[in-house]
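These notes concern the structure reproduced below.
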Amino acid sequence: MNQENTIQIVRGTGVIHRLKDQKWLFLLMLPAFLATLFFSYGPMFGLYMAFINYQPGGGSFFEQFFRAEFVGLRWFEYFFTTGDFYRVMRNTLATSLLSLFFGFPAPILLALMLNEAKNGFFKRFTQTVSYLPHFISWVIAANIIVTMLSSDGMINSILVALGIVKEPIAFLQNGPLFWWIIALSNMWKEMGFSAIMYLAAISAINPELYEAARVDGASRFRQMYHITLPSLRPTIVILAILAIGGILNAGFDQQYLLQNNTVLEYSEVIDIYAYKYGLQNSMFSYGAAVGMFKSVVAFILVVIVNQIAKRMNDQALF
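Numbering (the working numbering), first residue to last: 936 to 1253.
Here's what the structure looks like:
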């Protein structure tokens, strides 16, 4: 028996031994595995809808689904050649990039500031207040934002009182401003909750590193710069990969609830476009093709950014 076969047998025996030795742990994992298999991977057979001309009619769903005309890449070609593609991609990328620009560093800065806060009551109060928007539904959050940005809302009242503007600004009727409103709204709503992961990573840092730095005369800023931030790098890299992979996920709830007829040219992103054509216009196959395009692009971006991160920092998702 050659060495390669010996290694394979040893490895196989190790896996079997591990399964027997940790069978109760694997049994605990079984419900989560089955749920993921059923709810995440099971529905993926519906991707076939993007390659057929599905029209619901008489009979069962599966009968109509599998007997529909196979059209190949026709729906993808239609999406790429229609005049809507440029507008939808422009709105999606503009909103996502602005959300990434404001929303990604914000929780890092918040976590660093909370870590430096010495007053326990102030720290707990700030954490609680910053977490709360995450647990508010977008229906309530959108009403708060609309009220604050209205002509007689708090934002315009402050701007007029300070003499910055002479007349109230119609924020939600200005197309280019709509991208900034969505980006800042996303940051406000998710900043506190996202900071939890960075605070957890900070709490795992060895306190002796800070003690040694203080002995060497390092200021609090230098401790943060040379100890805290480098220790957060693995977490930052992983979350950056996930954030860039979701660059086409500009959101649906906030866009749908904050848009109006005057800003439709700037508010229609891929998710809303797929909803409008797939459900409202009953073009189910076309909506599935648009959604599949977004998923494929997200997957490619995750793989590319993951490889770049692995080459630069030797830290990656896989």
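Positions of the beta carbon are idealized from the N, C-alpha and C atoms, including for glycine.
Counting only the Cα atoms, residue 1201 lies some 26 Å from residue 1175.
Just so you know, the alpha carbons of residue 965 and residue 972 end up roughly 10 Å apart. Here residue 1114 is buried. Its C-beta has 16 or more other C-beta atoms within 10 Å. The Cβ atoms of residue 1171 and residue 1144 lie no closer than 8 Å to each other.
By the neighbour-count criterion, in which a residue is buried when 16 or more other Cβ atoms sit within 10 angstroms of its Cβ, residue 954 is exposed. Residue 1126 places its beta carbon less than 8 Å from that of residue 1038. Buried is the label assigned to residue 1030, since at least 16 other Cβ atoms lie within 10 Å of its Cβ. Linking residue 1060 to residue 1173 through their CA atoms gives a straight-line distance of about 28 Å. For the pair residue 987 and residue 1004, the CB atoms are nearer than the 8 Å cut-off.
Around residue 1233, the same chain offers 1180, 1181, 1182, 1183 and 1184 as residues with beta carbons nearer than 8 Å, after the five sequence neighbours per side are excluded. Look at the beta carbons and you see the region 1013-1029 not touching the region 1095-1110: under three pairs across the two are nearer than 8 Å. The count of Cβ pairs closer than 8 Å, one atom from the region 1077-1094 and one from the region 1202-1211, stays below three, leaving the stretches out of contact.
By the Cβ test, the region 1123-1142 is in contact with the region 1041-1060, since at least three Cβ pairs between them sit closer than 8 Å. DSSP places residue 1079 in the uninterrupted alpha helix (DSSP H) bounded by 1073-1084. Checking the DSSP bridge columns, you'll see residue 1121 has no partner listed. DSSP places residue 1095 in the uninterrupted alpha helix (DSSP H) bounded by 1089-1096. Residue 1203 carries a coil assignment under DSSP once its states are collapsed to helix, strand and coil. Distances from the alpha-carbon of residue 1026 to those of 961, 1186, 1204 and 1051 put 1204 closest. Within the DSSP secondary-structure output, residue 1004 pairs in a beta bridge with 988.
In the three-state reduction of the DSSP assignment, residue 1213 falls in the helix class, which pools H, G and I. Within a 10 Å sphere around the beta-carbon of residue 1116 sit 16 or more other beta-carbons, which makes this residue buried.
Residues of the same chain with a CB within less than 7 Å of the CB of residue 1220, apart from the 5 flanking positions on each side, are 984, 985, 987, 988, 989 and 1010 in chain order. If you ignore the 5 residues before and after residue 1192, its C-beta comes within less than 7 Å of the C-beta of 1073, 1074 and 1077, all in its own chain and listed in chain order.
Pairing residue 1159 with residue 1057, the inter-Cα distance amounts to about 20 Å.
Per DSSP, residue 1184 is not a residue of any alpha helix (DSSP H), being assigned neither H nor E.
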